[in-house]
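Novice:
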Amino acid sequence: PLTVFLLCFILTFILRLPIALGMLMSSIFYCLLAPGPAAGLQMAARQFLSSLNVKFILIAVPLFVFAAKVMNSGAVTEKIFKFANNLVGRWKGGMGHVNVVASIIFSGMTGSAVADASGLGIMEIEAMRKHGYDDSFSCAITAASATIGPIFPPSIPMIFYAMLSGASIGKLFIGGMIPGILIGLALMAYIAFIANKRDYPRGEKYTLRQFIKSTIIAFPALMTPVILLGGIYTGVVTPTEAGALAGIYALLISVLVYRSLGLKQLLEVIFETA
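This note's numbering numbers the first residue of the sequence shown as 3 and each following residue consecutively.
Next up, the structure:
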């Protein structure tokens, strides 16, 4: 049976079938040909049922991916960027600081470096280029700040680690907060040094009224990490339920609050997530 499994798997590669389909077909052939009930389809069924409880935590991964894509498509990232700009944009090398602060906030919603780089990244690089920053510096800061995503909770890699090791996902999330913030502060210190060395400009100064206005507009988006992490740490929701909550909340604020996500965009988000 094992030889048949390997031959079938190799055949699917030759036929250029999708890897997932090849693995499925090969596994089915193996289960059908394996001798005895313990090694056949009955074993596969028992293994599937016994693994449901362990694998349940992995459902959080596509849910957080869905939430990130909804935020990117629903202009939530734009509101976060504007809030960060009002907060630290007036400093020397302001756009670089905005890049880091926005990434920290967004990391608390998605836990993914890819979501951060693909969502905020383009917006951040264009803004830094517009203010006269070197492309190499802009891309480096964007890439470096995006790495906070897998460290700061809710971190997707930490979910995988918790599933494999049996560690407490809540404690892992708590352990990732301080390192994530320290990395952000270190990046901002480096940005301040380079900004003074290369004489990068300060951003636009905003009045207190403008800051309060941008905070009110961004408040629904800023509440996302508070709701998620608060729910996990207090034990109200599990990480998997937090992923579902993130997706629903992102959908609600994108559709009802910011009115920036249509049916066509939602279908595209669902397709990309799948």
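We put the CB at the ideal spot given by N, CA and C, even for glycine.
The structure displayed is predicted, hence computed values, not measured ones.
I'd like to confirm the pairing. Which residues does DSSP put opposite residue 200 in its beta bridges?
Specialist: In the DSSP output, where bridge partners are listed per residue, residue 200 has none listed.
Novice: Which residue spans inside the region 100 to 175 form an unbroken alpha helix (DSSP H) run of at least 4?
Specialist: The DSSP assignment places 115 to 132, 137 to 148 and 158 to 167 as complete runs of the alpha helix (DSSP H) inside the region 100 to 175, in order along the chain (cut-off: 4 residues).
Novice: Between which two residues does the alpha helix (DSSP H) carrying residue 241 extend?
Specialist: 241 to 254
Novice: Please classify residue 94: does DSSP put it in a helix, a strand, or coil?
Specialist: strand
Novice: Can you tell which of 177, 95 and 112 has the C-alpha that lies nearest to the C-alpha of residue 291?
Specialist: Any question about residue 291 goes unanswered here, given that the chain covers just 3 to 276.
Novice: Return the first residue and the last residue of the alpha helix (DSSP H) that residue 216 is part of.
Specialist: Unbroken alpha helix (DSSP H) run through residue 216: 210 to 235.
Novice: Mark residue 160 as exposed unless 16 or more other C-beta atoms lie within 10 angstroms of its C-beta, in which case mark it buried.
Specialist: Residue environment: residue 160 is assigned as buried (16 or more neighbouring CB atoms within 10 Å of its CB, all protein chains considered).
Novice: Would you say residue 82 and residue 115 are within 8 Å of each other, going by their C-beta atoms?
Specialist: no
Novice: Can you list, in chain order, the residues of its chain whose CB lies under 6 Å from that of residue 245, leaving out five sequence neighbours each side?
Specialist: 62, 65 and 66
Novice: Tell me which residues share the same chain as residue 253 and place their Cβ nearer than 6 Å to its Cβ, disregarding the 5 neighbours each side in the sequence.
Specialist: 72
Novice: Would the beta-carbon of residue 77 fall within 8 Å of that of residue 260?
Specialist: yes
Novice: Pairing CB atoms from the region 126 to 134 with CB atoms from the region 81 to 101, are three or more of them under 8 Å?
Specialist: Pairwise C-beta distances place the region 126 to 134 in contact with the region 81 to 101, as three or more of them are shorter than 8 Å.
Novice: Excluding the five sequence neighbours on either side, which residues of its own chain have a C-beta within less than 8 Å of the C-beta of residue 196, listed in chain order?
Specialist: 95, 98, 139 and 202
Novice: Using a 10 Å radius around the Cβ and a threshold of 16 neighbouring Cβ atoms, would you call residue 225 buried or exposed?
Specialist: exposed
Novice: Got a sec, what are the start and stop residues for the alpha helix (DSSP H) residue 266 sits in?
Specialist: 265 to 275
Novice: Looking at C-alpha atoms only, which residue of 121, 173 and 144 is the closest neighbour of residue 131?
Specialist: 144
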